[in-house]
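Respectively, the protein sequence lines represent chains A, B, C and D.
Take 4 as the starting number for the first sequence in my numbering and just add one per residue.
Take 4 as the starting number for the second sequence in my numbering and just add one per residue.
Take 4 as the starting number for the third sequence in my numbering and just add one per residue.
Take 4 as the starting number for the fourth sequence in my numbering and just add one per residue.
4 protein chains.
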Amino acid sequence: MNFVEENDVVLIKLNNGEDFVIKIVKDGFLSVPFGTVFFNDLIGKEYGEVINFRGKNRRGYILKNSIVDYIFNLKRKTQVVYPKDVGYSILYLDLKPRDSVLECGTGSGAVTAVLSRAVGKEGRVITYDIDPENSKIAEENLTFIPFYNNVLFKTGNVKDGLKERDMDAFFLDVPDPENSVENAINTLKHSGKICIIAPTFNQVQKVLEKMEKMKNTIDIQVWETMIRNYKINPERLRPEDKMVGHTTFMIFGTKVVWR
Amino acid sequence: MNFVEENDVVLIKLNNGEDFVIKIVKDGFLSVPFGTVFFNDLIGKEYGEVINFRGKNRRGYILKNSIVDYIFNLKRKTQVVYPKDVGYSILYLDLKPRDSVLECGTGSGAVTAVLSRAVGKEGRVITYDIDPENSKIAEENLTFIPFYNNVLFKTGNVKDGLKERDMDAFFLDVPDPENSVENAINTLKHSGKICIIAPTFNQVQKVLEKMEKMKNTIDIQVWETMIRNYKINPERLRPEDKMVGHTTFMIFGTKVVWR
Amino acid sequence: MNFVEENDVVLIKLNNGEDFVIKIVKDGFLSVPFGTVFFNDLIGKEYGEVINFRGKNRRGYILKNSIVDYIFNLKRKTQVVYPKDVGYSILYLDLKPRDSVLECGTGSGAVTAVLSRAVGKEGRVITYDIDPENSKIAEENLTFIPFYNNVLFKTGNVKDGLKERDMDAFFLDVPDPENSVENAINTLKHSGKICIIAPTFNQVQKVLEKMEKMKNTIDIQVWETMIRNYKINPERLRPEDKMVGHTTFMIFGTKVVWR
Amino acid sequence: MNFVEENDVVLIKLNNGEDFVIKIVKDGFLSVPFGTVFFNDLIGKEYGEVINFRGKNRRGYILKNSIVDYIFNLKRKTQVVYPKDVGYSILYLDLKPRDSVLECGTGSGAVTAVLSRAVGKEGRVITYDIDPENSKIAEENLTFIPFYNNVLFKTGNVKDGLKERDMDAFFLDVPDPENSVENAINTLKHSGKICIIAPTFNQVQKVLEKMEKMKNTIDIQVWETMIRNYKINPERLRPEDKMVGHTTFMIFGTKVVWR
């Protein structure tokens with residue numbers, strides 16, 4: 004069961020640091036500057052095995068495609084939401100078995116996949132995008148990694164109001180969250196939680212002002228995550244020279260009857 | 004279905020910032036310096052409603068108990084693993100429907116709960132602790148939040164070797180990871196992933212040296228996460244004066260056939 | 004020349020972490036819970052020597068009082084400017100031999116001392132405070148550390164305009180920098196530099212808007228510094244658990260003829 | 004007195020972000036892709052004035068060359084010490100009027116210049132490098148910015164021992180600080196201070212072990228500084244996407260008679 008089958012989506016990781024997320028179609032191949040690998044040779048291999056490129060002794064590995072590889076490999080037009088931020092917000096949203104969660108906008112589907120995994124087989128994810136084209140691309144993207152069959156793709160703009168109610172959680176990632184936060188909170192059940200993505204301080208300010216006025220959200224928190232990775236030489240252990248300086252701020256809140 | 008029932012575990016959040024995770028037993032009550040709330044009055048209330056303390060007009064809310072409230076409210080002897088770190092590592096471990104994941108040690112059960120949620124109803128979590136007393140406490144802790152019935156508590160020391168094999172992922176959080184990492188990796192299937200908690204640089208160094216020698220792990224990464232929270236006054240937006248300076252480093256790797 | 008003399012201001016550092024900045028007056032003494040040290044015993048000692056407290060074997064050291072000890076030991080009503088921020092801004096302001104620098108407001112005099120040292124014997128520091136009482140306290144504070152006799156204390160509010168012109172640099176640390184930045188820049192010579200202390204994002208925003216309108220400042224930069232300190236156990240090297248999360252943002256600019 | 008004179012070293016800053024530190028020699032010129040500026044046209048201009056490139060309406064400014072521009076503009080073979088680190092260490096070393104400070108190694112002379120400014124006209128900087136060629140280049144570099152005539156360039160290796168004694172402060176920036184720290188501390192007077200540059204954790208560990216054994220240094224501190232800069236658009240205020248992840252750790256200590 005840990006063997007590559009036809010039509011698996013796999014991660015091919017070369018020892019020069021490059022990697023590729025590809026579907027192992029019959030008679031297919033992957034050509035890189037230093038050689039070619041034929042997919043028929045890969046079918047039946049164990050995941051984690053070495054693959055050799057014909058004509059060169061450059062090495063690679065065939066691996067299961069992970070959600071982080073997927074998130075970072077996607078060619079997207081939309082702004083990236085980083086694993087560091089998504090991981091943190093999933094915990095804060097307290098997603099759990101059987102929860103119903105709303106997402107706006109769908110974007111590349113990366114967060115959608117994480118939400119799907121977090122609420123489980125009996126949970127439900129409803130994800131809106133204003134552009135049906137985006138929804139279509141996201142649906143295709145999601146065929147690349149395992150997730151539950153619990154996602155509903157819809158077209159619509161949270162600014163116009165959404166008809167969903169009694170949701171357990173909301174993940175709001177739209178360009179002008181200050182104009183959407185009220186409608187988003189309206190979809191939540193009492194004790195439900197929201198996470199709002201806001202890359203600039205001006206957005207944080209405006210969202211906080213809106214939440215202040217609504218008087219039905221408590222435990223409002225604004226967080227920023229930073230991550231730093233390290234050179235892995237144990238003789239010269241030190242952080243990498245460069246790091247990501249900013250992705251977004253995250254605003255959290257819990258809906259109550261009134262404040 | 005969003006109403007408080009007898010024997011629910013709830014979060015009571017006071018407007019002075021204090022909160023309590025308690026079980027709503029019949030005829031029970033919660034006494035705080037400024038008043039008392041009787042549980043019989045709470046049964047039947049909607050989650051998110053205001054609760055009033057008899058004799059004082061101090062306000063509180065009755066909320067669903069979230070995993071983050073749970074993680075931070077636990078009285079534990081063991082070192083805390085922070086949501087910022089757990090959230091990140093869950094994504095990196097690529098936990099997904101039907102995965103089997105191993106954890107050492109169980110500790111308070113906080114991470115166990117997160118793992119249980121991440122692998123879903125058909126997944127499997129095996130969690131070891133050297134002290135059966137810990138396992139018992141963790142099992143009790145887990146009754147406080149929803150998770151899947153997919154967890155097996157075991158007593159044992161990863162340093163003595165574990166008999167499990169073909170695991171998808173391993174979360175290793177023990178006092179001397181350098182002496183456990185080899186046995187931990189041995190339980191993984193090829194293409195399986197490990198996350199190692201290592202609070203000091205000396206541990207990171209020693210773990211990296213061990214992984215180097217094993218020659219069956221690639222994509223080794225060392226990460227550190229930092230989080231900063233903000234004062235939520237939109238007129239005077241700024242980070243809080245103090246922040247957490249350090250929790251742990253996290254070492255990740257993917258097992259392969261040979262490197 | 005490295006010996007304690009009467010009337011020296013010294014730092015007494017106890018091995019429990021406490022320290023005291025005190026003046027060694029004749030017949031004086033310092034009493035702490037575990038003993039007393041008599042100043043007559045200290046006169047003539049070498050700096051760096053151990054001092055013993057009569058009746059207890061608790062140790063201490065007599066040291067030169069440094070500007071960092073001074074900055075952190077001051078009992079002040081005004082907001083602290085941290086060494087991390089001051090050190091950075093001194094370099095950015097490019098303070099050098101013979102420069103003239105303006106400071107508003109004087110506060111405790113901590114930055115005043117740093118500025119005095121930075122422009123040297125032939126340089127000049129003019130420091131304004133709206134409260135003459137502050138200026139007096141700052142002047143007294145400065146008797147505790149060596150600096151140049153190049154400081155002029157004045158009373159006045161930068162919001163009313165300052166009559167100084169052709170200054171090389173300006174260090175602006177007032178409660179509402181957005182209302183002072185224009186007058187501050189007016190005192191600078193062309194190619195002169197300003198550093199503005201702004202603890203909140205709202206202030207940064209408003210100051211940037213003002214500078215934008217003035218059209219005579221280039222190379223506008225907004226910086227934030229963070230510092231983290233480490234437990235010094237070489238066997239368990241790791242950052243301290245807590246760190247400072249925020250002090251201030253710093254806005255820098257260079258005045259030009261027009262932009 | 005704020006006018007450009009022949010042989011001044013100036014900073015020419017273009018409005019595309021590029022800048023040049025150059026000496027205004029008679030009949031000289033600066034050619035960049037979009038035009039040429041002739042130095043004879045610059046002599047007599049006020050600092051801060053606009054300069055126009057013949058044939059294009061691209062703008063630039065003629066500015067005083069600052070120490071930060073100098074530090075970042077130097078083409079160096081040696082590792083950069085960042086303003087954030089230098090600014091902080093100058094304060095911690097408590098450099099003040101009339102101090103004597105030692106530096107190893109000289110490198111590009113950037114820190115040398117900062118030290119020279121910090122101890123003033125009557126202070127003294129002695130700076131060693133193992134390579135006399137480096138000393139020569141550093142001396143030339145220093146002609147580009149104002150500093151005091153208080154610097155002595157010497158050739159030598161701190162590992163072989165230095166004959167200087169009774170120094171107020173030491174700035175140690177060499178490739179293997181663990182082998183030099185003892186000799187460095189030996190040059191200090193009691194109550195004197197040292198700053199050690201150590202980019203990797205392994206170096207920090209070894210230096211701490213050495214200092215531990217010497218038993219004559221107290222108040223040992225290990226610090227790391229981080230800086231983040233912000234996009235200066237007041238409508239979309241946010242940190243830059245990338246930041247520097249690491250430069251170095253700094254180890255500080257104060258020498259005493261015995262510990």
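Positions of the beta carbon are idealized from the N, C-alpha and C atoms, including for glycine.
For clarity, every value in this text was computed on a predicted model and none was experimentally measured.
What span of residues does the alpha helix (DSSP H) with residue i cover, start to end?
{"i": "residue 144 of chain D", "result": "135 to 145"}
{"i": "residue 38 of chain D", "result": "It is not in any alpha helix (DSSP H) - residue 38 of chain D instead sits in the beta strand (DSSP E) that spans 38 to 41."}
{"i": "residue 90 of chain C", "result": "86 to 95"}
{"i": "residue 122 of chain B", "result": "113 to 122"}
Over the uninterrupted beta strand (DSSP E) stretch that includes residue i, give me the two end residues.
{"i": "residue 233 of chain A", "result": "220 to 234"}
{"i": "residue 154 of chain C", "result": "154 to 158"}
{"i": "residue 14 of chain C", "result": "12 to 17"}
For residue i, which beta-bridge partners are listed by DSSP?
{"i": "residue 103 of chain C", "result": "C/127"}
{"i": "residue 242 of chain B", "result": "B/233"}
{"i": "residue 62 of chain C", "result": "C/55"}
{"i": "residue 254 of chain D", "result": "D/199 and D/225"}
{"i": "residue 25 of chain C", "result": "C/13"}
{"i": "residue 34 of chain D", "result": "D/39"}
{"i": "residue 132 of chain B", "result": "B/158"}
{"i": "residue 49 of chain C", "result": "C/6"}
{"i": "residue 166 of chain D", "result": "Note: residue 166 of chain D sits in no beta bridge, so no partner."}
{"i": "residue 173 of chain A", "result": "A/105 and A/197"}
{"i": "residue 247 of chain C", "result": "B/245"}
- Would you list, in chain order, the members of the segment 181 to 213 of chain D that have their beta-carbon closer than 7 Å to a beta-carbon of chain B? 204
- the segment 199 to 211 of chain D in contact with the segment 228 to 241 of chain D per 3-pair CB rule at 8 Å: no
- Item | 3 or more residues per run - each beta strand (DSSP E) lying fully within the segment 175 to 218 of chain D | 191 to 201
- Message: Does the contact criterion of 3 or more C-beta pairs under 8 Å hold for the segment 203 to 223 of chain D versus the segment 179 to 193 of chain D?
- Response: yes
- Message: Short of 7 Å Cβ to Cβ, which residues in the segment 241 to 262 of chain A face chain D?
- Response: 241, 242, 243, 244, 245, 246, 247, 248 and 249
- Message: Short of 8 Å Cβ to Cβ, which residues in the segment 85 to 98 of chain B face chain A?
- Response: 86, 87, 89, 90, 91, 92, 93, 94, 95, 97 and 98
- At least three beta-carbon pairs within less than 8 Å, the segment 125 to 134 of chain A to the segment 95 to 104 of chain A: By the Cβ rule, the segment 125 to 134 of chain A counts as touching the segment 95 to 104 of chain A, because three or more pairs are nearer than 8 Å.
- Query: How about the segment 6 to 23 of chain D and the segment 37 to 48 of chain D: do they share at least three Cβ pairs that are nearer than 8 Å?
  - Reply: Touching, per the Cβ criterion.
- Query: Taking contact to mean at least 3 C-beta pairs separated by less than 8 Å, is the segment 244 to 254 of chain A in contact with the segment 85 to 96 of chain A?
  - Reply: yes
- Give, in chain order, every residue of the segment 211 to 238 of chain D whose Cβ lies closer than 9 Å to some Cβ of chain C. Cβ proximity to chain C below 9 Å picks out 211, 212, 214, 215, 219, 221, 222, 223, 224, 225, 226, 227, 228, 229, 230, 231, 232, 233, 234, 235, 236, 237 and 238 from the segment 211 to 238 of chain D.
- When the Cβ atoms of the segment 137 to 153 of chain D are set against those of the segment 113 to 120 of chain D, are three or more pairs found closer than 8 Å? yes
- Message: Check whether the segment 233 to 243 of chain C and the segment 233 to 249 of chain A touch, using three or more Cβ-Cβ pairs below 8 Å as the test.
- Response: no
- Answer yes if the segment 157 to 174 of chain C comes into contact with the segment 64 to 75 of chain C, meaning at least three C-beta pairs across the two stretches below 8 Å, and no otherwise. Counting Cβ pairs under 8 Å, fewer than three are found: no touch.
- Message: Short of 8 Å Cβ to Cβ, which residues in the segment 116 to 134 of chain D face chain C?
- Response: 117, 120, 121, 123, 124 and 125
- Contacting positions in the segment 45 to 66 of chain A - beta carbon closer than 7 Å to chain B: Answer set for the segment 45 to 66 of chain A: 49, 50, 51, 52, 53, 64 and 66.
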